[in-house]
Amino acid sequence: GIQVEQSPPDLILQEGANSTLRCNFSDSVNNLQWFHQNPWGQLINLFYIPSGTKQNGRLSATTVATERYSLLYISSSQTTDSGVYFCADGAYEGNYQLIWGAGTKLIIKP
Amino acid sequence: EAGVVQSPRYKIIEKKQPVAFWCNPISGHNTLYWYLQNLGQGPELLIRYENEEAVDDSQLPKDRFSAERLKGVDSTLKIQPAELGDSAVYLCASSLGAERGEAFFGQGTRLTVV
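Those sequence lines, one after another, are chains A and B.
Letter 86 of the first sequence, counting from 1, is numbered 87 in the numbering used here, and no numbers are missing.
Letter 34 of the second sequence, counting from 1, is numbered 69 in the numbering used here, and no numbers are missing.
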């Protein structure tokens, strides 16, 4: 089946630091999304980015579909950025569904 | 615009009891998903609806789980009887269509079976 690999699995940073999270895909990229799951469990949409680059405040994302990867950049980290970051892409595994990475757990220390 | 609404937020029940979760998707979204998420893992699809039709329920444990979306809008997921291993977060999501655009998630229902 289709594989989605996220790296790093864990990341601990001081407030104010920058970080790059990566998502690799074993097959073509279709409907890639990045989510932030906050400590209360809510999955928050960050980007819908099947290709190209998007920016939203301190966050930006780039997807290089031809090379089957996506990057999420977080600049000037704040403690509220803590949580788990997931990437997911739509693919046919029998039926169409979102295939999820295992997530990157980010802890921002004050 | 209202997001995906789920209720209840939390539920604690004894094993062998029934439980139901409710989801109201974003207005106009034809596709509705129910996911299960265990601690430290990504969400796992239970069932996907296109309007009122369940088009993918291959991962739904049908001996105890059931779902419905009678009018193609809100949906209910039921477990009867609940087992200890069903403790998890149950997430509902919706999108315009399965292959079109973003999926948006509700806040989830955290189920604890004791």
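Backbone N, C-alpha and C define an ideal beta-carbon position, used for all residues, glycine too.
Since we're looking at a predicted model, the values are computed, not measured.
Task: Per-residue DSSP class, three states only, for aspartate 82 of chain A - done: Taking the first residue of the first sequence as 1, we reach residue 82 of chain A at position 81. Note: aspartate 82 of chain A maps to helix in three-state DSSP.
Open item on the list: Would leucine 105 of chain B and aspartate 91 of chain B be called neighbours here (beta carbons separated by less than 9 Å)?
Closed with: On the second sequence, position 70 is the one that residue 105 of chain B refers to. On the second sequence, position 56 is the one that residue 91 of chain B refers to. Not closer than 9 Å, so no.
Task: Contact check, histidine 37 of chain A vs glycine 84 of chain A, beta carbons under 9 Å - done: Within the first sequence, residue 37 of chain A is the residue found at index 36, counting from 1. Within the first sequence, residue 84 of chain A is the residue found at index 83, counting from 1. Cβ distance < 9 Å, so histidine 37 of chain A and glycine 84 of chain A count as in contact.
- [ ] Report the rounded CA-to-CA distance for arginine 99 of chain B versus phenylalanine 87 of chain A, giving the unit in angstroms.
- [x] Here residue 99 of chain B is taken as the residue at index 64 of the second sequence, counted from 1. Here residue 87 of chain A is taken as the residue at index 86 of the first sequence, counted from 1. Approximately 29 Å between the Cα atoms of the pair.
Open item on the list: In this structure, how does DSSP classify glutamate 103 of chain B when only helix, strand and coil are distinguished?
Closed with: Your numbering for residue 103 of chain B matches position 68 in the second sequence. Strand, per DSSP.
Open item on the list: Report the start-end ranges of each beta strand (DSSP E) in the region 37-75 of chain B that is 3 residues or longer and not cut off at the edges.
Closed with: 40-42, 45-48, 54-59 and 66-72
TODO: Can you tell me the Cβ-Cβ gap for serine 27 of chain A and serine 78 of chain A, rounded? I've got them flagged as a contact below 8 Å.
DONE: Translated into positions along the first sequence, residue 27 of chain A becomes position 26. Translated into positions along the first sequence, residue 78 of chain A becomes position 77. Going by Cβ atoms, the distance from serine 27 of chain A to serine 78 of chain A rounds to 30 Å, so no, they are not a contact pair.
Open item on the list: How far does the beta strand (DSSP E) with aspartate 28 of chain A in it extend, from its first residue to its last?
Closed with: Your numbering for residue 28 of chain A matches position 27 in the first sequence. Here aspartate 28 of chain A belongs to no beta strand (DSSP E), and DSSP marks it neither H nor E.
Task: Collapsed DSSP secondary structure at leucine 12 of chain A in the structure displayed - done: Here residue 12 of chain A corresponds to residue number 11 of the first sequence, with the count starting at 1. Strand at leucine 12 of chain A.
- [ ] Could you check the C-alpha separation between glycine 107 of chain B and valine 40 of chain B for me, to the nearest Å?
- [x] The count along the second sequence starts at 1 and reaches residue 107 of chain B at position 72. The count along the second sequence starts at 1 and reaches residue 40 of chain B at position 5. One C-alpha to the other measures close to 15 Å.
Task: Buried versus exposed call for proline 60 of chain B [16 or more other C-beta atoms within 10 Å across all chains shown] - done: Stepping through the second sequence from its first residue, residue 60 of chain B is reached at position 25. That one is buried.
Open item on the list: So, for alanine 89 of chain A: in the same chain, excluding its five sequence neighbours on each side, which residues have a beta-carbon less than 6 Å away from its beta-carbon?
Closed with: Residue mapping note: residue 89 of chain A aligns to position 88 of the first sequence, counting from 1. Cβ within range, chain order: Gln34, Leu99 and Trp101.
Open item on the list: Please classify alanine 133 of chain B as buried or exposed, where buried requires at least 16 other C-beta atoms within 10 Å of its C-beta.
Closed with: Locating residue 133 of chain B in the second sequence gives position 98, where the first residue counts as 1. The residue is buried, with at least 16 neighbouring Cβ atoms inside 10 Å.
Open item on the list: Please identify the residue among B/His64, B/Glu85 and B/Phe56 whose C-alpha is closest to the C-alpha of leucine 71 of chain B.
Closed with: As a first step, residue 71 of chain B is located in the second sequence; it is residue number 36 there, counting from the start. For leucine 71 of chain B, the nearest C-alpha among the options comes from B/Phe56.
Open item on the list: Let me check one thing: in DSSP terms, what residues is serine 61 of chain A bridge-paired to?
Closed with: Numbered from its first residue, the first sequence carries residue 61 of chain A at position 60. In DSSP, serine 61 of chain A forms a bridge with A/Gln56 and A/Tyr74.
Open item on the list: Quick check on the burial criterion: 16 or more other C-beta atoms within 10 angstroms. Buried or exposed for asparagine 32 of chain A?
Closed with: As a position in the first sequence, residue 32 of chain A is number 31, starting the count at 1. Buried.
Open item on the list: I'd like to know whether the C-beta atoms of leucine 14 of chain A and leucine 22 of chain A end up nearer to each other than 9 Å.
Closed with: Translated into the one-based positions of the first sequence, residue 14 of chain A becomes position 13. Translated into the one-based positions of the first sequence, residue 22 of chain A becomes position 21. Going by C-beta atoms, leucine 14 of chain A is not nearer than 9 Å to leucine 22 of chain A.
Open item on the list: Give me, in chain order, the residues of the same chain whose beta-carbon lies closer than 6 Å to that of threonine 111 of chain B; leave out the 5 immediate sequence neighbours on both sides.
Closed with: Your numbering for residue 111 of chain B matches position 76 in the second sequence. Result list for threonine 111 of chain B: Ala55, Trp57 and Glu103, in chain order.
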